[in-house]
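In UniProt numbering, the protein residues as written are 1 to 438.
Ideal Cβ placement from N, Cα and C applies to all residues, glycine included.
Here's the structure we're looking at; comments come further down.
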């Protein structure tokens with residue numbers, strides 16, 4: 001390549017990954033270089049016999065064009081030294097296993113890399129291990145299971161996970177006498193429970209319901225059934241009215257109720273940095289922040305379409321929401337105007353039913369959609385890094401309803417009844433989040 005006649009620029013290469021660091025002395029390169037040519041330079045400077053693929057960031061955004069095009073778009077001068085941060089490229093997620101169910105999968109939560117809890121429309125909660133063995137089929141609900149949530153690793157709580165159902169109850173499960181059993185049933189909602197979340201310290205949980213409310217509960221099992229508390233309320237069925245599979249299970253009453261949504265509440269999660277706060281989304285096109293101790297609706301953010309899922313990242317301190325307009329939206333609850341969308345990501349061809357932040361990265365996010373695909377995003381780039389299609393023909397074109405990102409595993413399930421498990425390389429981890437906007 002004849003570089004003498006080409007426009008050139010000085011660049012400084014920097015890396016947070018110390019194993020890939022090169023001298024920060026500026027070097028002169030052609031402005032027509034893209035990430036592949038830059039990657040060759042870095043590998044040459046490192047003396048790598050086997051090339052390592054790298055991505056490059058300019059001004060905090062991925063370089064997806066030539067350096068020359070970036071300068072034009074950003075209004076930067078070629079006379080200045082351009083600093084390019086480089087990171088090892090993330091490899092495409094690889095499907096490593098698939099577990100079949102008899103009905104649609106509504107929800108999934110991994111308690112460890114070796115154990116996965118799955119909720120299904122057949123009303124059964126299943127516990128799987130990494131050896132493709134179903135360890136337990138738990139039946140205590142009278143209708144479809146809509147949501148599951150597992151306690152955090154190292155929990156001292158007797159509760160291992162909670163399931164919520166269209167039968168209006170949330171059931172806490174634990175091990176007694178060497179067998180998993182229902183410890184109690186949280187009752188009080190007057191319509192289907194659509195989402196459940198457990199706080200990081202495993203002391204409380206919240207449920208979101210089609211009855212337009214969110215309820216706040218203690219995770220600890222009651223010493224006696226709390227039917228008498230429910231009898232004092234107007235909106236909850238009492239023990240005499242209970243029938244079905246969970247009629248014999250001890251009852252638990254809520255600590256408080258959060259009211260404000262108009263229509264079903266589809267999703268809820270805790271603020272991992274401030275456990276007194278929860279975030280919720282619903283059919284009323286709103287994403288709300290609540291103080292669970294006081295029951296106060298702190299902020300309400302409105303958008304164009306129904307909110308189908310919500311997740312909060314402790315690393316980026318951003319909220320991600322999935323929507324019926326096929327988009328993922330990011331919100332910053334720290335900003336003065338937290339009701340304004342920080343970023344909108346569009347690529348799916350169907351409803352975005354579920355979103356999940358990477359557990360150890362401030363920038364990585366996954367979304368699942370009714371279009372049957374999973375998309376992996378880096379929020380420093382508008383296009384998705386990868387679109388993950390199902391490998392089995394029976395899963396193609398089937399809606400995805402559930403998603404969980406646990407360590408190096410990405411789990412998804414939905415209409416086909418298949419729990420798809422993918423391996424995600426962890427070399428891309430970066431816990432330093434985006435700076436708060438002034």
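Using CA atoms only, rank isn't needed, just tell me which of 134, 85, 329 and 106 is closest to residue 399. The shortest C-alpha separation from residue 399 is found at 106.
If you reduce the DSSP assignment to three classes, tell me which class residue 76 lands in. Residue 76 falls in the coil class under three-state DSSP.
For residue 29, the first and last residue of its enclosing beta strand (DSSP E): Residue 29 -> beta strand (DSSP E) spans 27-30.
Is it the case that the Cβ atoms of residue 220 and residue 267 are separated by a distance below 7 angstroms? For residue 220 and residue 267, no; Cβs fall outside 7 angstroms.
If we call anything under 7 angstroms between Cβ atoms a contact, is residue 208 one with residue 301? Contact flag unset, no.
Straight-line gap, residue 97 to residue 69 (C-alpha atoms, nearest Å): In a straight line, the C-alpha of residue 97 is about 42 angstroms away from that of residue 69.
Quick check: what's the CA-CA separation for residue 355 versus residue 54? Their Cα atoms are separated by approximately 26 angstroms.
Can you tell me whether DSSP reads residue 180 as helix, strand or coil? Three-state result, residue 180: strand.
Measure the C-alpha to C-alpha separation of residue 59 and residue 329 and round it to an integer number of angstroms. Cα-Cα distance, rounded: 22 angstroms.
Inspect the beta-carbon positions of residue 127 and residue 140 and report whether they are closer than 7 angstroms. Result no, Cβ atoms of residue 127 and residue 140 do not sit closer than 7 angstroms.
Measuring only the C-alpha atoms, how far is residue 1 from residue 43? Because the pLDDT of residue 1 is 45, which lies under 50, any placement of that residue in the model is unreliable, and the question is left without a value.
Residue from 159, 119 and 131 whose Cα sits closest to the Cα of residue 143: The residue with the shortest Cα to Cα distance from residue 143 is 119.
When you compare the CB positions of residue 304 and residue 318, do they come within less than 7 angstroms of one another, or not? In this structure, residue 318 does not lie closer than 7 angstroms to residue 304 by Cβ.
Please list, in chain order, all residues of the same chain as residue 226 whose beta carbon is under 7 angstroms from its beta carbon, the five residues on each side excluded. For residue 226, where only same-chain residues beyond five positions count, the Cβ hits under 7 angstroms are 251, 252 and 253.
I'd like to know if the segment 74-84 and the segment 411-421 are in contact, where contact means that at least 3 CB-CB pairs between them fall below 8 angstroms. Counting C-beta pairs closer than 8 angstroms gives fewer than three between the segment 74-84 and the segment 411-421, which falls short of the contact rule.
Ordered along the chain, which non-local residues of its own chain (more than five positions away) have a Cβ less than 6 angstroms from that of residue 387? Taken in chain order, the residues that qualify are 373 and 375.
Would you check if there are 3 or more beta carbon pairs closer than 8 angstroms linking the segment 345-352 to the segment 26-42? A contact is defined here as three or more CB-CB pairs under 8 angstroms, and the segment 345-352 fails this definition with respect to the segment 26-42.
Using a Cβ-Cβ cutoff of less than 6 angstroms, which residues in the same chain neighbour residue 286 once the five nearest sequence positions on both sides are dropped? Hits under 6 angstroms: 300 and 302.
Whose C-beta lies closer than 6 angstroms to the C-beta of residue 200 among residues of the same chain, with five residues either side of it excluded? So the qualifying residues of the chain are 152 and 272.
Rounding to the nearest angstrom, what Cα-Cα distance links residue 407 and residue 6 in this structure? If I take the Cα positions, the gap works out to 45 angstroms.
What does the Cβ neighbour count give for residue 241, buried or exposed, with the cut at 16 atoms within 10 Å? Residue placement at residue 241 is flagged as unreliable, the pLDDT there being 48, under the threshold of 50; the coordinate-derived value follows with that caveat. Exposed.
Keeping to the same chain, check which residues put their C-beta closer than 8 angstroms to that of residue 421; ignore five residues upstream and five downstream. Closer than 8 angstroms at Cβ, skipping near neighbours: 95, 96, 97, 98, 99, 116, 409, 410 and 411.
Starting from residue 39, trace the alpha helix (DSSP H) in both directions and tell me its first and last residue. Segment 35-46, the alpha helix (DSSP H) holding residue 39.
Counting only beta-carbon atoms, is residue 363 nearer than 7 angstroms to chain B? Looking at the structure shown, chain B is missing, and only one protein chain is on hand.
At which residues does the beta strand (DSSP E) containing residue 403 begin and terminate? Here the beta strand (DSSP E) through residue 403 covers 400-406.
DSSP-derived helix/strand/coil call for residue 69: Correct three-state label for residue 69: helix.
Please classify residue 101 as buried or exposed, where buried requires at least 16 neighbouring CB atoms within 10 angstroms. Buried.
In chain order, each beta strand (DSSP E) run of at least 3 residues that lies wholly inside the segment 110-178: Qualifying beta strand (DSSP E) stretches, in chain order: 115-120, 124-129, 134-139, 145-150, 161-165 and 170-176.
How would you call residue 369, buried or exposed, if buried means at least 16 neighbouring beta carbons within 10 angstroms? With 16 or more other Cβ atoms within 10 Å, it is buried.
Starting from the Cα of residue 417, find the closest Cα among 124, 256 and 362 and give me that residue. Measuring from the Cα of residue 417, the nearest candidate turns out to be 124.
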